[in-house]
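Only one structure is covered here, and it is reproduced in the block below.
There are 4 protein chains.
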Amino acid sequence: MIEKVKVAVVGVGNNTSALVQGISFYRDTGSLAGIRRPQIAGLGVGDIDFVAAFAVSGDKVGKDLHEAIFVPPNNFPRLTAEMRPSGVTVQRGLVDSAEVERVAHAVEGAEVLLYSAPSGRPDTARAYAEAALAAGAAFVNTTSDPIAREPFWLKRFEEAGLPLLGDDLASQFGTSVVHHALLRLLEERGLTLVSSYQVNLGGTEDFRNLVENPNTKQQSKLNALGSDKVQVAPLGYLPQLKSQKIAHLNIEAQGWGGTAVSLDVRLQVHDPSGAAGVNIDLIRLAATALRSGRGGYPAEAASLLKSPPGTAI
Amino acid sequence: MIEKVKVAVVGVGNNTSALVQGISFYRDTGSLAGIRRPQIAGLGVGDIDFVAAFAVSGDKVGKDLHEAIFVPPNNFPRLTAEMRPSGVTVQRGLVDSAEVERVAHAVEGAEVLLYSAPSGRPDTARAYAEAALAAGAAFVNTTSDPIAREPFWLKRFEEAGLPLLGDDLASQFGTSVVHHALLRLLEERGLTLVSSYQVNLGGTEDFRNLVENPNTKQQSKLNALGSDKVQVAPLGYLPQLKSQKIAHLNIEAQGWGGTAVSLDVRLQVHDPSGAAGVNIDLIRLAATALRSGRGGYPAEAASLLKSPPGTAI
Amino acid sequence: MIEKVKVAVVGVGNNTSALVQGISFYRDTGSLAGIRRPQIAGLGVGDIDFVAAFAVSGDKVGKDLHEAIFVPPNNFPRLTAEMRPSGVTVQRGLVDSAEVERVAHAVEGAEVLLYSAPSGRPDTARAYAEAALAAGAAFVNTTSDPIAREPFWLKRFEEAGLPLLGDDLASQFGTSVVHHALLRLLEERGLTLVSSYQVNLGGTEDFRNLVENPNTKQQSKLNALGSDKVQVAPLGYLPQLKSQKIAHLNIEAQGWGGTAVSLDVRLQVHDPSGAAGVNIDLIRLAATALRSGRGGYPAEAASLLKSPPGTAI
Amino acid sequence: MIEKVKVAVVGVGNNTSALVQGISFYRDTGSLAGIRRPQIAGLGVGDIDFVAAFAVSGDKVGKDLHEAIFVPPNNFPRLTAEMRPSGVTVQRGLVDSAEVERVAHAVEGAEVLLYSAPSGRPDTARAYAEAALAAGAAFVNTTSDPIAREPFWLKRFEEAGLPLLGDDLASQFGTSVVHHALLRLLEERGLTLVSSYQVNLGGTEDFRNLVENPNTKQQSKLNALGSDKVQVAPLGYLPQLKSQKIAHLNIEAQGWGGTAVSLDVRLQVHDPSGAAGVNIDLIRLAATALRSGRGGYPAEAASLLKSPPGTAI
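Residue numbers (this note's numbering), protein chains in the order written: chain A, 1 to 313; chain B, 1 to 313; chain C, 1 to 313; chain D, 1 to 313.
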């Protein structure tokens with residue numbers, strides 16, 4: 001029987017709640033629903049053990065991980081009636097880089113350090129990467145802060161023989177995935193795009209932050225969709241949606257003879273599930289690379305990341 | 001300058017209206033909107049000349065082709081303000097196989113015989129195939145009646161050195177195309193399909209016929225979508241839609257942790273445009289094969305057909 | 001404290017399941033969600049006691065009412081985790097009018113006989129009305145079979161001093177309610193209707209029957225919407241929907257200057273809840289009339305019925 | 001034959017374009033499509049003559065009114081192929097209150113001064129009201145700036161025997177109208193509202209302004225919808241929509257037994273048509289009151305206004 005992957009996780013938000021609960025759900029139910037890759041190098045989705053967790057919020061620090069994942073503003077639903085205590089107590093996260101040593105010490109024994117904090121704190125991301133190097137763990141950066149695409153960091157992980165996976169996870173299934181697929185389909189079939197829009201509504205803290213500070217993310221979405229005919233309208237924060245995202249997409253195009261083709265799509269999805277469904281693969285790829293002694297960036301992670309090494313910072 | 005393809009067309013319904021008007025629209029406007037392949041072996045979409053046309057309706061026979069395409073029940077819209085007479089008078093189509101000779105004579109000089117009549121009249125389809133053989137023309141069967149996938153007919157066209165393209169054109173863009181693409185996307189991303197439905201509404205005679213005789217087509221759609229979790233609800237005939245089709249698709253799935261993912265799509269499209277956008281390619285592939293002396297089924301037509309040779313009859 | 005209404009129910013389908021479960025749900029939870037009239041003459045929604053139940057299906061007869069309501073093809077969801085036995089055993093329903101006496105005997109003691117069988121069996125409806133007269137109970141006819149709008153029956157109930165409420169319940173909330181409201185809104189605001197359609201999808205036995213025998217119901221819907229510009233497309237039976245109905249409505253109109261106005265609506269609702277939410281009021285109105293000695297048709301039921309006395313048969 | 005109403009209009013934006021074009025469209029075509037009240041006191045929608053127009057934009061001033069209404073950023077569509085010159089040259093609007101005399105002089109001879117400038121410039125609104133008083137014209141304030149609901153102004157118009165209609169026109173048909181109607185319907189039918197949202201997308205300058213300065217308008221919408229369960233998500237400016245507005249509404253509710261009811265609505269409408277369809281009535285009500293010597297606020301205008309006299313400022 002394969003040895004379970006020992007994971008330390010930074011950030012105890014909705015994405016971690018979805019990951020931790022999902023692993024427990026699959027172990028308990030034997031369900032395979034919604035799993036992209038049942039096995040990676042022999043590792044199932046249940047073959048993960050959390051050995052450490054870090055959070056900044058005083059409401060989460062000191063609590064058992066299985067309790068902390070339900071502390072507000074977390075609002076991902078409970079997947080199962082009950083979760084037994086994990087035995088892992090959430091520790092205070094890094095607030096400045098002087099604490100790298102403390103964290104590195106706490107991470108010791110973990111094979112993978114999953115960095116799942118909010119984006120936009122590059123210093124913190126770098127401090128945890130440093131801690132992973134010190135602790136001898138693979139590092140998975142799910143944020144858009146540049147680590148894996150910084151040659152400085154990539155080189156250090158390569159030299160240390162430690163895997164580095166990042167940056168910015170590409171959700172398993174979300175608005176961009178659907179919008180992309182439909183625009184690509186139009187192109188394949190020879191239709192001419194006239195205009196398109198995308199409106200996203202959500203109820204998480206991430207959404208609230210994006211609504212208050214929308215420019216970067218929207219611009220990045222526009223670039224990703226690759227056309228000036230595609231507009232991403234302002235994000236809407238609707239607390240009643242909790243961790244669900246609702247997106248309205250519209251595509252107007254022309255078919256043969258210039259006749260009109262219209263597509264209107266409503267997508268409803270739990271954002272944190274889209275993240276967890278990818279994190280479970282990144283963790284297993286990281287552990288597999290570590291166990292086989294491959295340091296640096298494993299190319300097989302490319303499809304799971306928005307900004308892998310080689311993309312612009 | 002390349003020589004234009006001489007085409008005889010059987011059936012002067014909406015699909016022929018869209019094809020004839022579209023060719024004229026692209027010649028007049030220089031637009032490339034909605035064209036899948038601007039050139040096939042040097043042939044542009046305007047490089048088509050109609051040299052003969054056959055219809056059964058007494059209201060169409062005897063009229064100029066550019067007038068007949070607007071005769072009810074045709075209800076495809078006018079793409080341009082005005083169309084000059086084509087000089088081609090619609091002839092009475094075959095009603096029994098004793099007339100093959102008459103038709104073959106009338107088709108002489110055409111390089112391609114485009115069979116664009118309603119599906120469900122296999123005897124008629126065979127008689128026109130016979131006429132194409134007699135006249136030395138390539139034959140394009142856009143109906144679901146089996147010709148190209150009948151070894152008997154394929155062999156005869158091969159032996160005659162005449163191209164045979166069929167059966168059953170795959171629309172450039174329609175409900176099945178979108179439904180397929182989304183179901184495939186779900187699968188690629190590892191989501192688990194729970195249920196899905198598709199409702200089609202349209203206002204053409206084809207729709208009216210399908211509504212009155214729904215079983216075959218629906219069953220074929222179900223097979224095409226390849227899952228017993230996908231349901232195709234009854235077709236609805238709504239005359240006010242004219243040649244537009246409106247489809248409502250729903251997909252319910254499960255993502256990570258078994259969480260719900262919902263997709264609702266409304267598609268609005270002109271059905272005859274979807275047919276014409278493929279017929280324009282089939283004609284050009286047929287002419288190209290004929291001109292280079294290749295008889296039988298040209299494999300490059302495969303993606304444009306639902307039931308090419310080798311599929312079940 | 002008010003005395004509870006003693007009800008005998010004919011038909012143990014989804015509508016009865018929704019009614020029986022709903023009463024239990026409101027008693028247990030104290031919730032007021034979805035209740036139109038919390039009190040009618042002092043009677044709350046929990047002030048109902050079932051004293052007899054009749055069904056035709058051999059799978060339901062002989063079972064406790066709280067068990068029979070979950071027997072297939074019933075597919076209304078369980079509203080609460082558990083229901084204690086009701087103490088009422090489902091009896092074999094009338095199959096011919098020779099059995100009126102048996103049923104009348106079984107109904108004795110009930111104040112209200114709720115006739116909630118499928119529509120389309122006028123003989124059966126009449127036999128139960130006869131039984132109600134014999135047993136001295138008020139009669140509520142929720143089907144479209146004519147009883148209350150038959151002067152013969154109305155006169156007999158009047159003479160017997162027994163209330164008669166019918167015919168054909170008007171759902172609390174469904175496609176017609178929403179479609180009507182939107183068409184009326186357009187009219188009030190001075191918009192000009194161009195076209196409109198309605199597509200209904202559902203998964204109950206009622207839906208299956210309507211799909212197999214669609215004409216009457218659709219015609220009645222068209223009449224109800226009062227315009228030849230409104231089309232009701234074929235109903236679709238999608239078993240996966242169970243007792244849910246999904247409707248797609250479209251309204252195309254013209255505003256000032258002839259400019260286009262489009263409304264597209266997707267409605268999702270549990271059909272049996274729409275029936276139960278009205279039956280609860282009909283029962284209470286019937287009991288109140290009976291208790292105050294008013295026979296015949298109580299006018300205050302008018303808004304709950306599609307075909308009250310005075311409408312065409 | 002009735003004498004046409006002489007109107008001076010302030011603001012030559014999309015709303016004025018829709019009004020001016022619509023009047024011309026109805027005169028030319030005899031159509032009644034989209035007209036709420038064909039006659040008001042004998043005045044048809046074509047019985048309007050523009051006698052003066054004021055704009056601030058240098059691109060509009062000096063042009064014929066029928067030309068100026070098409071100058072960007074105006075983007076309301078052309079309703080008819082061609083419009084003959086109106087003979088009215090757009091004049092420079094007021095920029096400070098010292099110019100009241102000039103404007104009053106230019107307005108002389110008009111019966112109604114329609115104030116149709118953007119909201120948010122209360123000083124300008126007051127200056128034009130002053131000019132109307134000086135010129136002896138009725139004043140119609142379509143903006144949310146307080147005039148009619150200011151007792152000071154109402155009293156002055158009453159004393160002068162001049163009608164004053166305002167404030168803030170209630171669109172003939174828009175998102176709020178539909179949202180309101182559906183929420184009211186739910187309430188009438190006894191459903192319990194769980195949550196609701198509204199997203200508005202548009203392509204006019206008004207929309208751009210609202211997007212850049214969203215708070216007031218949204219708050220006012222929320223108040224109008226009268227429930228803290230209803231959320232109005234940020235407005236989205238999508239230039240490709242031009243003068244069209246697209247709104248996505250969602251309503252989640254509970255029916256009998258607490259079962260879920262969902263309504264999703266997509267509304268597409270030309271915003272300026274909704275304004276013009278109300279302005280045509282306000283003008284005719286104003287003229288009718290003036291002609292019958294009734295000064296002050298005519299109560300029959302109430303349903304056309306969001307903030308009539310007596311509402312909060």
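Ideal Cβ positions, reconstructed from N, Cα and C, are used throughout, including at glycine. No experiment lies behind these values; they were computed from the predicted model shown.
Three-state class that DSSP yields for residue i in the structure shown
{"i": "B/F207", "result": "helix"}
{"i": "B/Q268", "result": "strand"}
{"i": "A/T192", "result": "strand"}
{"i": "A/V5", "result": "strand"}
{"i": "D/Q219", "result": "Note that D/Q219 has pLDDT 46, beneath the 50 cutoff, so the model's placement of it is unreliable and the number below is only indicative. Correct three-state label for D/Q219: helix."}
{"i": "C/A53", "result": "strand"}
{"i": "C/D59", "result": "coil"}
{"i": "D/P85", "result": "coil"}
{"i": "A/P122", "result": "helix"}
{"i": "C/G255", "result": "coil"}
{"i": "D/G277", "result": "helix"}
{"i": "D/L238", "result": "coil"}
{"i": "C/L32", "result": "coil"}
Boundaries of the beta strand (DSSP E) in which residue i is found, first to last residue
{"i": "D/Y115", "result": "V112 to Y115"}
{"i": "D/V232", "result": "V230 to V232"}
{"i": "D/A160", "result": "No beta strand (DSSP E) holds D/A160; the alpha helix (DSSP H) holding it covers P151 to A160."}
{"i": "A/F139", "result": "A138 to N141"}
Buried versus exposed call for residue i [16 or more other C-beta atoms within 10 Å across all chains shown]
{"i": "C/I313", "result": "exposed"}
{"i": "C/S36", "result": "The question names Ser, yet the displayed sequence has Arg at residue 36 of chain C. It counts as buried."}
{"i": "C/L45", "result": "Checking the displayed sequence, the identity of residue 45 of chain C turns out to be Val instead of Leu. By the neighbour-count rule (16 or more Cβ atoms within 10 Å), C/V45 is buried."}
{"i": "B/S227", "result": "exposed"}
{"i": "A/F25", "result": "buried"}
{"i": "C/S303", "result": "exposed"}
{"i": "C/F157", "result": "buried"}
{"i": "D/P309", "result": "buried"}
{"i": "B/N74", "result": "buried"}
{"i": "A/P151", "result": "exposed"}
Under 7 Å by beta carbon: chain D residues contacting residue i
{"i": "A/D264", "result": "R266"}
{"i": "A/G236", "result": "V199, A233 and P234"}
DSSP beta-bridge partners of residue i
{"i": "B/V199", "result": "B/H248"}
{"i": "B/Q39", "result": "Beta-bridge pairing links B/Q39 to no other residue."}
{"i": "D/G44", "result": "D/Q39"}
{"i": "C/Q91", "result": "C/F54"}
{"i": "D/V107", "result": "DSSP lists no partner for D/V107."}
{"i": "D/L169", "result": "D/L305"}
{"i": "C/S262", "result": "C/E252 and D/Q268"}
{"i": "A/D64", "result": "A/T89"}
{"i": "C/G296", "result": "C/P163"}
Residues that residue i contacts on chain A, provided the C-beta gap is smaller than 9 Å
{"i": "D/S195", "result": "L238, Q240 and L241"}
{"i": "D/H179", "result": "Chain A residues near D/H179: none, gap ~15 Å exceeds 9 Å."}
For residue i, the first and last residue of its enclosing alpha helix (DSSP H)
{"i": "D/N14", "result": "N14 to T29"}
{"i": "C/F76", "result": "Looking at the DSSP string, C/F76 is not in any alpha helix (DSSP H), and its letter there is neither H nor E."}
Chain-ordered chain A contacts of residue i [CB-CB under 8 Å]
{"i": "D/V314", "result": "What the structure shows of chain D is the stretch from 1 to 313, and residue 314 of chain D is not part of that stretch, so it cannot be assessed."}
Where residue i meets chain C, residues with beta-carbon distance less than 9 Å
{"i": "B/H270", "result": "None at all; the shortest Cβ gap to chain C is about 16 Å."}
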